[in-house]
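Student:
Numbering (the UniProt record's numbering), first residue to last: 1 to 239.
Shown next, in the form of structure tokens:
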């Protein structure tokens with residue numbers, strides 16, 4: 001998810017940036033947030049790569065937020081537009097450019113929280129992520145980038161969708177806790193978890209990954225593994 005904040009006052013941009021980060025972090029939702037001090041720079045960026053949500057201040061130096069929105073709609077019909085303004089007197093103009101909401105200044109973090117919950121319920125669910133320490137650095141790892149992970153000698157080895165292997169020292173139970181809440185993941189044994197998105201088949205004793213690797217399943221879990229795999233295939237086919 002890409003979010004634009006367009007406001008010619010740096011303090012206003014920073015405040016909204018921080019509130020968005022806080023709200024989305026509490027929901028484990030990843031977003032790339034970009035700041036622009038005028039409508040012209042925002043439009044140039046939006047033409048290069050579309051935004052999911054754009055917060056547009058109405059009164060800015062250069063073109064107004066309304067003018068920027070009118071221009072945006074000539075090449076992007078889907079960007080969710082949120083106008084920020086001191087005076088809520090542009091309802092008609094907002095209607096014409098299909099504005100999603102108005103935020104009347106001064107607003108607060110609670111207002112952002114309510115707004116983002118509404119928006120997140122209307123758009124395709126963004127992928128979740130987790131923060132893991134790899135080689136002394138904290139990295140943000142999206143769930144969809146995990147093909148499978150295994151626990152061995154007090155380390156967790158994370159095999160990613162692009163073929164890389166990341167290692168981190170962490171409790172396996174703590175690592176898999178959020179993944180177990182996601183229907184894509186299946187705990188094959190006490191030390192291995194897989195992402196069904198990268199499974200080609202289940203042969204009765206092991207999952208066959210797209211890479212041809214075989215991930216064995218504990219004997220007590222084979223029936224559940226087969227059923228889970230079939231359910232996943234059915235649900236994916238009906239999305």
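Where a beta carbon is used, it is the ideal one built from N, C-alpha and C, also for glycine.
Values in this document were obtained by computation on a predicted structure and should not be read as measured data.
Does DSSP classify residue 152 as helix, strand or coil?
Tutor: One-based indexing of the chain shown puts residue 152 at position 152. In this structure, residue 152 counts as strand in the three-state DSSP scheme.
Student: Under the three-state reduction of DSSP, which class applies to residue 97: helix, strand or coil?
Tutor: Against the chain shown, residue 97 aligns to sequence position 97. Looking at residue 97 - three-state DSSP - the assignment turns out to be coil, as it is neither helix nor strand.
Student: Look up residue 195 in the DSSP assignment and give the residues it is bridged to.
Tutor: Counted from its first residue, the chain shown places residue 195 at position 195. DSSP, once it has assigned bridges, lists 185 as partnering residue 195.
Student: Less than 8 Å between the CB atoms is what I'm expecting for residue 37 and residue 8, so what's the real figure, rounded?
Tutor: On the chain shown, position 37 is the one that residue 37 refers to. On the chain shown, position 8 is the one that residue 8 refers to. At roughly 5 Å, the Cβ-Cβ gap stays under 8 Å, so residue 37 and residue 8 are in contact.
Student: Of the choices 71, 53, 57, 67, whose alpha-carbon is the least far from that of residue 81?
Tutor: On the chain shown, position 81 is the one that residue 81 refers to. Checked all of 71, 53, 57, 67; the closest Cα to residue 81 is 53.
Student: Can you check which of these residues, 224, 55, 195, 107, is closest to residue 210 by C-alpha distance?
Tutor: Position 210 of the chain shown holds residue 210. Per the Cα distances, 195.
Student: Entirely within the region 23 to 57 and at least 3 residues each: give me those beta strand (DSSP E) ranges in chain order.
Tutor: Runs found: 32 to 36, 53 to 57.
Student: With a Cβ-Cβ cutoff of 7 Å, do residue 133 and residue 168 count as a contact?
Tutor: For this step, residue 133 is matched to residue 133 along the chain shown. For this step, residue 168 is matched to residue 168 along the chain shown. Yes, Cβ-Cβ distance for residue 133 and residue 168 is below 7 Å.
Student: Just how far apart, CA to CA, sit residue 185 and residue 179?
Tutor: Here residue 185 is taken as the residue at index 185 of the chain shown, counted from 1. Here residue 179 is taken as the residue at index 179 of the chain shown, counted from 1. Those two C-alpha atoms are separated by around 6 Å.
Student: At the level of alpha carbons, what is the spacing between residue 204 and residue 110?
Tutor: Taking the first residue of the chain shown as 1, we reach residue 204 at position 204. Taking the first residue of the chain shown as 1, we reach residue 110 at position 110. In a straight line, the C-alpha of residue 204 is about 50 Å away from that of residue 110.
Student: What does a CB cutoff of less than 7 Å around residue 239 pick up in its chain, not counting 5 residues either side in sequence?
Tutor: Locating residue 239 in the chain shown gives position 239, where the first residue counts as 1. With a pLDDT of 42 at residue 239, under the threshold of 50, the modelled position of this residue cannot be trusted; read the value that follows with caution. Around residue 239: no qualifying Cβ.
Student: Going by the DSSP bridge assignment, what does residue 202 pair with across the sheet?
Tutor: Sequence index remark: in the chain shown, residue 202 carries index 202 (1-based). Note: residue 202 sits in a beta bridge opposite 207.
Student: What is the DSSP secondary structure of residue 70, counted as helix, strand or coil?
Tutor: Position 70 of the chain shown, counted from the start, is the residue given in the question as residue 70. Helix at residue 70.
Student: Quick test of your reading: residue 156 and residue 143, contact by CB under 8 Å. State the CB separation rounded to the nearest angstrom.
Tutor: Within the chain shown, residue 156 is the residue found at index 156, counting from 1. Within the chain shown, residue 143 is the residue found at index 143, counting from 1. About 15 Å separates the two Cβ atoms, so there is no contact after all.
Student: Going by DSSP in three states, residue 239 sits in which element: helix, strand or coil?
Tutor: Counting from 1 along the chain shown, the entry for residue 239 is found at position 239. Because residue 239 carries a pLDDT of 42, less than 50, the predicted location of this residue cannot be relied on, and the following value inherits that uncertainty. Residue state, collapsed to three classes: coil.
Student: Helix, strand or coil for residue 112? Go by DSSP, reduced to three states.
Tutor: The count along the chain shown starts at 1 and reaches residue 112 at position 112. Looking at residue 112 - three-state DSSP - the assignment turns out to be helix.
Student: Should residue 85 and residue 112 be called a contact, given that it needs their Cβ atoms to be closer than 7 Å?
Tutor: Mapped onto the chain shown, residue 85 falls at position 85. Mapped onto the chain shown, residue 112 falls at position 112. No.
Student: Which stretch, first to last residue, makes up the alpha helix (DSSP H) that contains residue 83?
Tutor: Against the chain shown, residue 83 aligns to sequence position 83. Residue 83 -> not in any alpha helix (DSSP H); beta strand (DSSP E) instead, spanning 80 to 85.
Student: When burial is assigned at 16 or more other CB atoms within 10 Å of the CB, is residue 60 buried or exposed?
Tutor: Stepping through the chain shown from its first residue, residue 60 is reached at position 60. Answer is buried; the Cβ neighbour count reaches 16.
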